[in-house]
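Colleague:
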Amino acid sequence: MRNRIAKRIYEKAKEDKSLFLISGDAGLGVWEQYQKDFSDRFLNPGVNEACDVGMAAGLALCGHKVIYYNIAPFVIMRPYEQLRNDVCYQELPVIFVGTGSGITYAPAGMTHYVVEDIALCRTLPNLNIFSPCDPIEADAAFAYAYESRNPSYIRIPKNGEPEVHKAPIKDITQPHVLNEGSDVLLIFHGSISDDVLKACEELKDKGISACAVSHPCVSKISEEMLDMISMFPAVFCIEEHFEYGGLGTMLADSCNSFSVHKKIHKLGIKNQYIHTVGNRDFLRKHYGIDAGSIVSAVTGVLHG
């Protein structure tokens, strides 16, 4: 997904002479061609995140379409005040691209994990929040953000994720069914798609028909999503994010607000610091969000 986003940014830079890219000393091997061809519209202020976001706001006020790229914790958490005051308060259409979503950078440690970013972003009015599951969703998220008059945050992993959609997406703000089913609804966002779709196959072997739905827009819940939730006997939300404060919390709140009487079973990372050491797959299993854990949770609810 990282390379797909970089490609789209480069293509837009050829078309739009106002586009300006700021990289927070990140993206080595990604931005060399952009720097070569658009050196007058590229800045790397170094490890200086508050300054990066402040500069993005200033350039946006001067009429530039600005993209700020960095490792996700340094896009949202370190410059939160500037994001809040300089960009979101003024409703500036800056696009924030955070790479290494969730625990992509495992086992680098908690400084490089970003498992609370959605919860933080939800406190910021006017901010579009996207967590695409594959390059096709990443394309659609960037296209939406580019046309939006509001600021946008796109969180992406960086592990060469395959395309799981079979065609381009027309509306990134809507849920997208990736596996048809009728017994249980599995809602997710981001790169956890590989474990969710694997769980669907394992559940099928157990006689359970699972519907897997990607929900890449995590800043609002659509009426279509609520209608879908109401139709299923059991509903799960799986995310490589803290269990509290992410999409699962949004879904539960929305169901309560619109009188959709359905429990949302949340499978996410417990709201605690990650001290356990291991790669991404090891940590997913440890925190109960890998395919096997999803299958166990579903069968426990349906047959418990």
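When you number the sequence shown by our numbering, it's gap-free, plus one each residue, and the end is 304.
For every residue, glycine included, the Cβ atom is placed at its ideal position computed from N, Cα and C.
Applying the 10 Å Cβ sphere with the 16-neighbour rule, what's the burial state of Pro168?
Modeller: Mapped onto the sequence shown, residue 168 falls at position 168. Answer is exposed; the Cβ neighbour count stays below 16.
Colleague: Go ahead and pull the three-state DSSP assignment for Ala167.
Modeller: As a position in the sequence shown, residue 167 is number 167, starting the count at 1. Coil.
Colleague: Determine the contact status of Ile118 and His241, defining contact as a CB-CB distance below 8 Å.
Modeller: As a working note, residue 118 is residue 118 in the sequence shown. As a working note, residue 241 is residue 241 in the sequence shown. Against a cut-off of 8 Å, the Cβ pair of His241 and Ile118 comes out as a contact.
Colleague: Taking the C-alpha atoms as reference points, what is the distance between Ala212 and Ala297?
Modeller: Locating residue 212 in the sequence shown gives position 212, counting from the first residue. Locating residue 297 in the sequence shown gives position 297, counting from the first residue. Cα to Cα, the separation comes out at about 15 Å.
Colleague: Could you check how far apart the C-beta atoms of Arg4 and Phe20 are, in whole angstroms? I think they sit under 8 Å.
Modeller: Against the sequence shown, residue 4 aligns to sequence position 4. Against the sequence shown, residue 20 aligns to sequence position 20. With a Cβ gap of about 20 Å, Arg4 and Phe20 do not count as contacting.
Colleague: Mind reading off the beta-carbon distance from Val295 to Ala199? Whole number of angstroms is fine, and I expect it under 8 Å.
Modeller: Indexing the sequence shown from 1 puts residue 295 at position 295. Indexing the sequence shown from 1 puts residue 199 at position 199. Sure, about 5 Å apart at Cβ, within 8 Å.
Colleague: Among all the DSSP beta bridges, which residues are the ones paired with Gly98?
Modeller: As a position in the sequence shown, residue 98 is number 98, starting the count at 1. Beta-bridge pairing links Gly98 to Asn70, Arg155.
Colleague: Helix, strand or coil: which one does DSSP assign to Leu124?
Modeller: Start at 1 with the first residue of the sequence shown, and residue 124 comes out as number 124. Of the three classes helix, strand and coil, the one that applies to Leu124 here is coil, per DSSP.
Colleague: Are Tyr146 and Lys12 closer than 8 Å when you measure CB to CB?
Modeller: Translated into positions along the sequence shown, residue 146 becomes position 146. Translated into positions along the sequence shown, residue 12 becomes position 12. It is a contact, given that the beta carbons lie within the stated cut-off.
Colleague: In terms of residues, what are the limits of the beta strand (DSSP E) holding Lys204?
Modeller: If you number the sequence shown from 1, residue 204 lands on position 204. Here Lys204 belongs to no beta strand (DSSP E); instead the alpha helix (DSSP H) covers 193 to 205.
Colleague: By Cβ distance below 8 Å, which residues in the same chain neighbour Cys51 in space, the five residues on each side in sequence not counted?
Modeller: In the sequence shown, residue 51 corresponds to position 51, counting from 1. Pro45.
Colleague: For the putative contact between Met1 and Pro132, defined by C-beta atoms under 8 Å, what is the C-beta separation to the nearest angstrom?
Modeller: Locating residue 1 in the sequence shown gives position 1, where the first residue counts as 1. Locating residue 132 in the sequence shown gives position 132, where the first residue counts as 1. With 8 Å as the limit, Met1 and Pro132 qualify as a contact, their Cβ atoms being about 6 Å apart.
Colleague: Identify which residue in Asn48, Ile172, Cys88, Met250 has its Cα closest to the Cα of Asn150.
Modeller: Along the sequence shown, read from residue 1 onward, the residue named residue 150 stands at position 150. When each option's Cα is compared against that of Asn150, the closest is Cys88.
Colleague: Is the beta carbon of Ala210 less than 8 Å from the beta carbon of Asp183?
Modeller: Within the sequence shown, residue 210 is the residue found at index 210, counting from 1. Within the sequence shown, residue 183 is the residue found at index 183, counting from 1. Cβ distance < 8 Å, so Ala210 and Asp183 count as in contact.
Colleague: For Gly181, collect the residues of the same chain with a Cβ closer than 6 Å to its Cβ; drop the 5 residues on either side in sequence, then sort them by chain order.
Modeller: Position 181 of the sequence shown holds residue 181. Within the same chain, Gly181 has close Cβ partners Ser209, Ala210, Cys211.
Colleague: Which residue's Cα is closest to the Cα of Ser23: Phe74, Cys62, Glu15?
Modeller: The residue given as residue 23 occupies position 23 in the sequence shown. Cα-wise, what sits closest to Ser23 is Phe74.
Colleague: On a Cα-Cα basis, can you pick out the residue from Ala57, Glu224, Lys220 that is closest to Arg122?
Modeller: The residue labelled residue 122 in the question sits at position 122 within the sequence shown. Comparing Cα positions, the closest option is Lys220.
Colleague: What's the call for Tyr144, buried or exposed, on a 16-neighbour Cβ count within 10 Å?
Modeller: Counted from its first residue, the sequence shown places residue 144 at position 144. The residue is buried, with at least 16 neighbouring Cβ atoms inside 10 Å.
Colleague: From which residue to which residue does the beta strand (DSSP E) around Lys17 run?
Modeller: The residue labelled residue 17 in the question sits at position 17 within the sequence shown. Taken as a continuous stretch (DSSP letters only), Lys17 belongs to no beta strand (DSSP E), as it is neither H nor E.
Colleague: Cβ of Gly300 within 8 Å of Cβ of Gly268?
Modeller: In the sequence shown, residue 300 corresponds to position 300, counting from 1. In the sequence shown, residue 268 corresponds to position 268, counting from 1. Taking 8 Å as the Cβ cut-off, Gly300 and Gly268 do not qualify as a contacting pair.
Colleague: With DSSP as the reference, label Val87 as helix, strand or coil.
Modeller: For the purposes of this step, residue 87 is identified with residue 87 of the sequence shown, where counting begins at 1. Note: Val87 maps to helix in three-state DSSP.
Colleague: Return helix, strand or coil for Ser214, following the three-state DSSP convention.
Modeller: Taking the first residue of the sequence shown as 1, we reach residue 214 at position 214. Ser214: strand per DSSP, three-state reduction.
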